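**Student:** Going by the numbering used here, the letters in the sequence shown line up with residues 15 to 534, in that order.
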Amino acid sequence: MLYYNFKNYDGFKDLFGTIKHGNNTQSRKNRILLAYLKDKNLLHQAAAGNDYSFLHISSMAELEQRMQNEILISGNEDESLPYELHLMGKTYYSIIYETDGNDGLCEDGDSKCVRYHNHRTGKIFKMKAGKLYRHLILETEFGKTLPEQVITYLCEEFAAKWQAFTMGRLPKNKLYVNQEFERIYSSKYCEGDFCSCMVDKGYHGFYEKSVNASAAYLENEKGKIIARCIIFNEVKDQDGKVYRLAERQYATGDNHILKRALADALIRGGYIDGYKKVGASCNEANAFVSINGESLSDRKFRIACDLDWDDDLSYQDSFKSYSMSARIADNYCYGDIDLGITEGSLNNAEEDGCYDSYHGYDCDETVLVYVHGEEYDCDSDNLGDFVWIDSEGEYHHRDDVSECPECGGYFLKSETCYSEVTDDNYCCEECREKAEKEYKDANWYYSDYDGEYFEEEDDIAYYWRWNREKEEYEKKTISVSSLRSLLYSDDFFEFDNECFDRVNPATNLPYGYKLIKTVA
15 MLYYNFKNYD GFKDLFGTIK HGNNTQSRKN RILLAYLKDK NLLHQAAAGN
65 DYSFLHISSM AELEQRMQNE ILISGNEDES LPYELHLMGK TYYSIIYETD
115 GNDGLCEDGD SKCVRYHNHR TGKIFKMKAG KLYRHLILET EFGKTLPEQV
165 ITYLCEEFAA KWQAFTMGRL PKNKLYVNQE FERIYSSKYC EGDFCSCMVD
215 KGYHGFYEKS VNASAAYLEN EKGKIIARCI IFNEVKDQDG KVYRLAERQY
265 ATGDNHILKR ALADALIRGG YIDGYKKVGA SCNEANAFVS INGESLSDRK
315 FRIACDLDWD DDLSYQDSFK SYSMSARIAD NYCYGDIDLG ITEGSLNNAE
365 EDGCYDSYHG YDCDETVLVY VHGEEYDCDS DNLGDFVWID SEGEYHHRDD
415 VSECPECGGY FLKSETCYSE VTDDNYCCEE CREKAEKEYK DANWYYSDYD
465 GEYFEEEDDI AYYWRWNREK EEYEKKTISV SSLRSLLYSD DFFEFDNECF
515 DRVNPATNLP YGYKLIKTVA
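(1) Closest to F243 by C-alpha separation, out of M338, A227, G254, S125, would be which residue?
(2) Look at the alpha carbon of E508 and the alpha carbon of L501, and state the distance between them as a whole number of angstroms.
(3) Is D114 buried or exposed, if buried means 16 or more other CB atoms sit within 10 Å of its CB?
(4) Just how far apart, CA to CA, sit D378 and L397?
(5) Going by the beta-carbon positions, is the gap between Q163 and A49 smaller than 9 Å?
(6) Quick check on DSSP: helix, strand or coil for Y257?
(7) Assuming N132 contacts I110 under a Cβ cut-off of 8 Å, what Cβ separation, rounded to an integer in Å, is found between them?
(8) Considering only the beta carbon of each residue, do S495 and D473 sit closer than 9 Å?
(9) Going along the chain, which unbroken runs of the beta strand (DSSP E) with 3 or more residues stay wholly within the region 352-388?
(10) Quick one: measure Cβ to Cβ for R316 and K250, integer angstroms, because I've assumed they're closer than 8 Å.
(11) Quick check on this structure: which residue in E112, S428, R482, E84 has the alpha carbon closest to the alpha carbon of Y97?
(12) So, under 8 Å CB-CB, F156 and E261 are touching, yes? Tell me the CB distance rounded to an integer number of Å.
(13) Let's test the definition: count the other Cβ atoms within 10 Å of the Cβ of S108 and tell me whether it reaches 16, buried, or not, exposed.
(14) With 16 as the cutoff for other CB atoms within 10 Å, does A102 come out buried or exposed?
(15) Is it true that the CB of Y329 sits closer than 9 Å to the CB of I355?
(16) Roughly how many angstroms lie between the CA atoms of A2 and E388, to the nearest whole one?
(17) In this structure, does DSSP put I266 in helix, strand or coil?
(18) Report the residue from G267, Y221, I239, K236 whose alpha carbon sits nearest the alpha carbon of I245.
(19) Compute the Euclidean distance between the alpha carbons of S11 and Y459, then round it to the nearest angstrom.
(20) Beta-carbon within less than 6 Å of E194's beta-carbon, same chain only, minus the 5 sequence neighbours each way: which residues are those?
(21) Could you name the residues of the same chain whose beta carbon sits closer than 6 Å to that of S210, not counting the 5 residues immediately before and after it, in chain order?
(22) Can you tell me which of H410, A318, Y384 puts its alpha carbon nearest to the alpha carbon of Y336?
(23) Helix, strand or coil, according to DSSP, for K186 in the structure here?
(24) Are the CB atoms of Y409 and V435 nearer to each other than 9 Å?
(25) Can you give me the start and stop residues for the alpha helix (DSSP H) that I87 sits inside?
(26) By how many angstroms is the C-alpha of K273 removed from the C-alpha of V385?
(27) In the DSSP assignment, find the beta strand (DSSP E) that holds L310 and state where it starts and stops.
(28) With burial defined as no fewer than 16 other Cβ atoms inside 10 Å of the residue's Cβ, what is the status of F139: buried or exposed?
(29) So what's T159 in DSSP terms, helix, strand or just coil?
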């Protein structure tokens, strides 16, 4: 623990401890970050280079930012990666791929793919953003050292940001920043379900009267709101620095891409200095990041808040600790009144009873569930949208879960083991390796000599291997590259366009050569 950013076991529990839930299950915080810090090569590299800064990473936002920066630096310093890819204002390097004047944007408007030039074929193609980013990571020396869990996480984040980036450049979605709080909380003006317990409740007056805030939202070509959030216009940290922070985003169908598109539009419009991180941990009060993606989790934020017991109160995700005497709400538990309630006012709050924050109604008993990494309390009698994952000990939304094509078990898409061989996702390394073996057996070509599979038939040749026990030749496979090397070094012998690994020393001809030729 001397090397890490926590002093003792209590510090470890604060960052990575398990959380017990009402259904007698538990989950661990920051699992992917913990997987990174536990990687056996990381401590060795830190000690060898006398640089322990990577061991001090303490949030997912910081992990993503540091890994991205190191991948960029590693690619830039590698002279074997000659081609540049300009993606979202950053330059990556590759031995094969390069972007053209479109900077990765597809001409057909496909927001999930990146347009690139392949220097091996000389042609323009497009590839799924996450898959391309995986290639770029693994082409760098730094990227090759990362654990699979971290690589998968980085690819998922890049793919989501790329889609938001490209969608934000489409003219059909229009950004508004104003005081229309009633509009953004009305199902009449919103497209579909925003998975928000505050819709149509009439509690929007909180933002009009009690705090300094703005309504921010995207409208589609039909004039319907597809993503919205609240901007707190005067947020102060512990040093007195003032920020404009976008609170947690909500979108049609809880779509993370639309949430990212909203944040991206606000950044490009110069409306905010930071925003609530999209996806995992967005429900945490300190999960803010700057417009550059740097973590702001170490900042203690507060806002002026003028709220009395009977005033309208809309559920608060971040500034949920309220001091009525100081008229301040904060995200670090200075205040003694909880604003994270759904009853509409402080007077109406009840300690007893349960509220289904996923469906938006009161019930007898709730179970903790996860939707795109966000925590909700869900009616224990209405779990049809969720799947229990044994390996996680948690309920997760069906949209976040995949069924392993190898073993049939459920697993989180964010923790998938992707196979470039089968172009499919698996629950674990064991299933991936087994599926790849089965796929290669059926579709690739095996070299008996090399003990490897080769994708193209032209990469394989045949030779005659001498079996001493049977005293006869057996026809076997060998890679073309290995065969060429062996023939060049005189370890193999060629007669009449056939290759042999052993010949009769008495004749310098293959054993039974005439017989083989007769049979052939």
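We put the beta carbon where it would ideally sit given N, CA and C, even for glycine. Fair warning: this is a prediction, and the values are worked out from it, not measured in the lab.
**Tutor:** Judging by the given coordinates:
(1) Just to set this straight, residue 243 is Cys in the shown sequence, not Phe. Checking every option, the nearest Cα to that of C243 belongs to A227.
(2) 8 Å
(3) exposed
(4) 14 Å
(5) yes
(6) strand
(7) 6 Å
(8) yes
(9) 368-370, 375-377, 380-385
(10) 6 Å
(11) E112
(12) Going by Cβ atoms, the distance from F156 to E261 rounds to 34 Å, so no, they are not a contact pair.
(13) buried
(14) Residue identity check: residue 102 is Met in the sequence provided, not Ala. M102 should be labelled exposed.
(15) yes
(16) Since the displayed the chain opens at 15 and closes at 534, residue 2 lies outside it and no answer follows.
(17) Per the sequence presented here, residue 266 reads as Thr, with Ile not at that position. Helix at T266.
(18) Y221
(19) The question about residue 11 has no answer here: the residues shown for the chain are numbered 15 through 534.
(20) A229
(21) Y264
(22) A318
(23) coil
(24) no
(25) 74-91
(26) 14 Å
(27) It is not in any beta strand (DSSP E) - L310 carries neither H nor E in the DSSP assignment.
(28) exposed
(29) helix
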